[in-house]
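Okay, so the sequence shown: first residue is 1234 according to the numbering used here, each after it adds one.
Every residue gets a Cβ at the ideal spot worked out from N, C-alpha and C, and that includes glycine.
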Amino acid sequence: MSQSIGEKLRLAREERGIALREISEQTRISIRYLEAIESDDYKRLPGGIFNRSFIRAYAKFVGFDEHSALEDYSRTLRERGESDDDGSKVHHSLVYTEDAATHGRSGVKTLILAIIILAALTAAVWAGLHFYQKSQRGRSANERNRQPQFATIVVRMSAHIIPERVKEKNHGSIA
């Protein structure tokens, strides 16, 4: 049987006299993950794109061909019947993009939907503005009605108070 990717990477590391700690410090990959790669124990790794990134970084650091390392990793997983979480799978985006738009909805439907949303927003703004103006008109009418009443009260009070003060002044000067 041929060598696994873990064995190839370990041999490349040992040939160059590089310690796992040095790789760990430079690549920021935990030593336990590097040991898992060397022993082909991929279940100890976080999975998905992390596994591929760790193998790529390890291979690059020890001077091993990165592309070859990733191919060997994918082949090893296929032979074991394990899934390559990020390998050759086609991922369908859940985000609305131009590619998704061409498959799911025509331009006319999108345009009609946009017009309906715009009309609803316009109606909401118009109704809010109309309500605001109506409340302002009512408020200003109430203020206009209050002003004459206030003026009438002031005039009546002054008409009542002023003659009494005049009387007080007149009484004070007579005595």
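**Asked** In whole angstroms, what separates the C-alpha of leucine 1310 from that of leucine 1267?
**Response** 17 Å
**Message:** Less than 7 Å between C-beta atoms, sequence neighbours within five positions excluded: which residues of the same chain meet that for leucine 1303?
**Reply:** Sequence-distant Cβ neighbours of leucine 1303 in its own chain, meaning closer than 7 Å and more than five residues away, are Arg1285, Ile1288 and Arg1289.
**Prompt:** Between the beta-carbon of isoleucine 1270 and the beta-carbon of glycine 1239, is there less than 8 Å?
**Reply:** yes
**Asked** CA-CA distance, threonine 1343 and leucine 1351?
**Response** Here the alpha carbon of threonine 1343 sits roughly 12 Å from the alpha carbon of leucine 1351.
**Outcome for tyrosine 1365 when other beta-carbon atoms lying within 10 angstroms are tallied against a minimum of 16** = Classification of tyrosine 1365: exposed, given that the 10 Å Cβ count is below 16.
**Message:** My assumption, with CB atoms under 8 Å, is that aspartate 1274 sits in contact with serine 1237. Please give the rounded CB distance.
**Reply:** Actually they are not in contact, since the Cβ atoms of aspartate 1274 and serine 1237 sit about 11 Å apart, beyond 8 Å.
**Prompt:** Looking at the structure shown, is phenylalanine 1364 part of a helix, part of a strand, or coil, going by DSSP?
**Reply:** Phenylalanine 1364 falls in the helix class under three-state DSSP.
**Request:** Would you identify the three-state DSSP class for glycine 1281, choosing helix, strand or coil?
**Result:** coil
**Asked** Should alanine 1245 and phenylalanine 1297 be called a contact, given that it needs their Cβ atoms to be closer than 8 Å?
**Response** yes
**Request:** Answer with buried or exposed for alanine 1292, where buried requires no fewer than 16 other C-beta atoms within 10 angstroms of its C-beta.
**Result:** buried
**Item:** Under the three-state DSSP convention, the category aspartate 1305 falls into
**Value:** helix
**Item:** Exposed unless 16 or more other CB atoms sit within 10 angstroms - verdict on lysine 1241
**Value:** buried
**Request:** Pick helix, strand or coil for phenylalanine 1475, following the three-state DSSP scheme.
**Result:** Residue 1475 lies beyond the residue range present for the chain, which begins at 1234 and ends at 1408; the question has no answer from this structure.
**Cβ neighbours of isoleucine 1256 in the same chain (closer than 8 Å, five flanking residues each side left out)** = Only Arg1246, Ile1262, Leu1267, Tyr1291, Phe1294 and Val1295 meet the Cβ criterion.
**Request:** Give every residue of the same chain whose Cβ lies closer than 6 Å to the Cβ of glycine 1314, excluding the five residues on either side of it in the sequence, and list them in chain order.
**Result:** none
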